[in-house]
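Asks: Following this message is one structure expressed as C-alpha coordinates.
Residue numbers (the UniProt record's numbering): 1 to 84.
Written out as C-alpha coordinates, the structure reads:
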(Lines of atoms letter the chains of each structure in order from A and count residues from 1; the text may use other names and numbers.)
(Lines give C-alpha, C1' and ligand atoms only; values in the text may rest on other atoms or scores of the structure.)
Protein backbone atom coordinates (compact mmCIF):
# COMPACT_ATOMS: atom_id res chain seq x y z
CA UNK A 1 0.00 0.00 0.00
CA UNK A 2 1.34 3.42 -0.95
CA UNK A 3 1.57 5.90 1.91
CA UNK A 4 2.98 9.37 2.25
CA UNK A 5 4.96 8.37 5.32
CA UNK A 6 8.66 9.19 5.08
CA UNK A 7 11.03 6.20 5.24
CA UNK A 8 12.85 7.75 8.20
CA UNK A 9 9.56 8.00 10.11
CA UNK A 10 8.84 4.35 9.31
CA UNK A 11 12.28 3.44 10.68
CA UNK A 12 11.60 5.36 13.91
CA UNK A 13 8.28 3.56 14.39
CA UNK A 14 9.87 0.17 13.60
CA UNK A 15 12.62 0.82 16.15
CA UNK A 16 9.99 1.75 18.75
CA UNK A 17 8.48 -1.72 18.36
CA UNK A 18 11.72 -3.68 17.81
CA UNK A 19 12.38 -6.38 20.42
CA UNK A 20 9.90 -5.10 23.00
CA UNK A 21 9.96 -6.65 26.44
CA UNK A 22 7.93 -6.13 29.57
CA UNK A 23 7.69 -7.40 33.11
CA UNK A 24 4.50 -8.42 34.84
CA UNK A 25 3.92 -7.36 38.42
CA UNK A 26 1.91 -9.53 40.75
CA UNK A 27 2.19 -7.67 44.03
CA UNK A 28 4.78 -7.59 45.40
CA UNK A 29 6.72 -9.68 42.84
CA UNK A 30 7.97 -8.92 39.32
CA UNK A 31 8.26 -11.55 36.61
CA UNK A 32 11.23 -12.11 34.37
CA UNK A 33 11.20 -10.07 31.15
CA UNK A 34 8.67 -11.33 28.61
CA UNK A 35 9.05 -10.68 24.88
CA UNK A 36 6.11 -8.84 23.28
CA UNK A 37 5.50 -10.39 19.87
CA UNK A 38 2.52 -8.43 18.52
CA UNK A 39 0.13 -5.57 19.14
CA UNK A 40 0.42 -1.83 19.55
CA UNK A 41 1.65 -0.05 22.66
CA UNK A 42 -1.12 0.72 25.11
CA UNK A 43 -1.33 4.45 25.77
CA UNK A 44 1.02 5.39 22.92
CA UNK A 45 -0.33 8.36 20.94
CA UNK A 46 0.71 6.67 17.68
CA UNK A 47 -1.10 3.38 18.40
CA UNK A 48 -4.48 4.36 16.89
CA UNK A 49 -2.84 5.64 13.69
CA UNK A 50 -0.66 2.53 13.35
CA UNK A 51 -3.69 0.30 13.95
CA UNK A 52 -5.70 2.22 11.33
CA UNK A 53 -2.91 2.03 8.74
CA UNK A 54 -2.53 -1.72 9.16
CA UNK A 55 -6.24 -2.50 9.11
CA UNK A 56 -6.73 -0.27 6.04
CA UNK A 57 -3.93 -2.19 4.30
CA UNK A 58 -5.66 -5.49 5.14
CA UNK A 59 -9.06 -4.28 3.89
CA UNK A 60 -7.61 -2.94 0.64
CA UNK A 61 -5.74 -6.20 0.11
CA UNK A 62 -8.89 -8.33 0.47
CA UNK A 63 -11.20 -6.03 -1.52
CA UNK A 64 -10.99 -8.26 -4.62
CA UNK A 65 -11.63 -11.52 -2.78
CA UNK A 66 -15.11 -12.87 -3.45
CA UNK A 67 -17.36 -12.77 -0.46
CA UNK A 68 -21.02 -13.36 0.19
CA UNK A 69 -23.61 -11.76 -2.09
CA UNK A 70 -26.50 -10.19 -0.21
CA UNK A 71 -29.13 -8.27 -2.16
CA UNK A 72 -26.83 -8.13 -5.19
CA UNK A 73 -23.99 -6.60 -3.15
CA UNK A 74 -20.74 -8.48 -2.60
CA UNK A 75 -19.73 -8.42 1.07
CA UNK A 76 -16.20 -9.65 1.67
CA UNK A 77 -15.47 -7.91 4.96
CA UNK A 78 -17.24 -6.22 7.82
CA UNK A 79 -15.63 -3.43 9.80
CA UNK A 80 -16.40 -3.05 13.45
CA UNK A 81 -14.92 -0.60 15.92
CA UNK A 82 -14.74 -1.06 19.67
CA UNK A 83 -12.83 1.10 22.11
CA UNK A 84 -12.23 -1.58 24.74
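Even for Gly, the Cβ is constructed at its ideal location relative to N, Cα and C.
What three-state label does DSSP hand residue 13 in the structure shown?
Replies: Here residue 13 sits in helix by DSSP.
Asks: Going by Cα to Cα distance, which pick from 57, 56 and 75 is closest to residue 65?
Replies: The candidate whose alpha carbon is nearest that of residue 65 is 75.
Asks: Among the candidates 15, 39, 22 and 72, whose CA atom is the shortest distance from the CA of residue 33?
Replies: Here the closest residue by C-alpha is 22.
Asks: Taking the beta strand (DSSP E) that residue 68 belongs to, which residues open and close that run?
Replies: Counting along the chain, the beta strand (DSSP E) containing residue 68 begins and ends at 68-70.
Asks: Hey, would you say residue 47 sits closer than 7 Å to residue 41, going by beta carbons?
Replies: Yes.
Asks: Helix or strand or just coil, what does DSSP make of residue 50?
Replies: Residue 50 falls in the helix class under three-state DSSP.
Asks: Grouping DSSP H, G and I as helix and E and B as strand, with all else coil, what is residue 64?
Replies: Here residue 64 sits in coil by DSSP.
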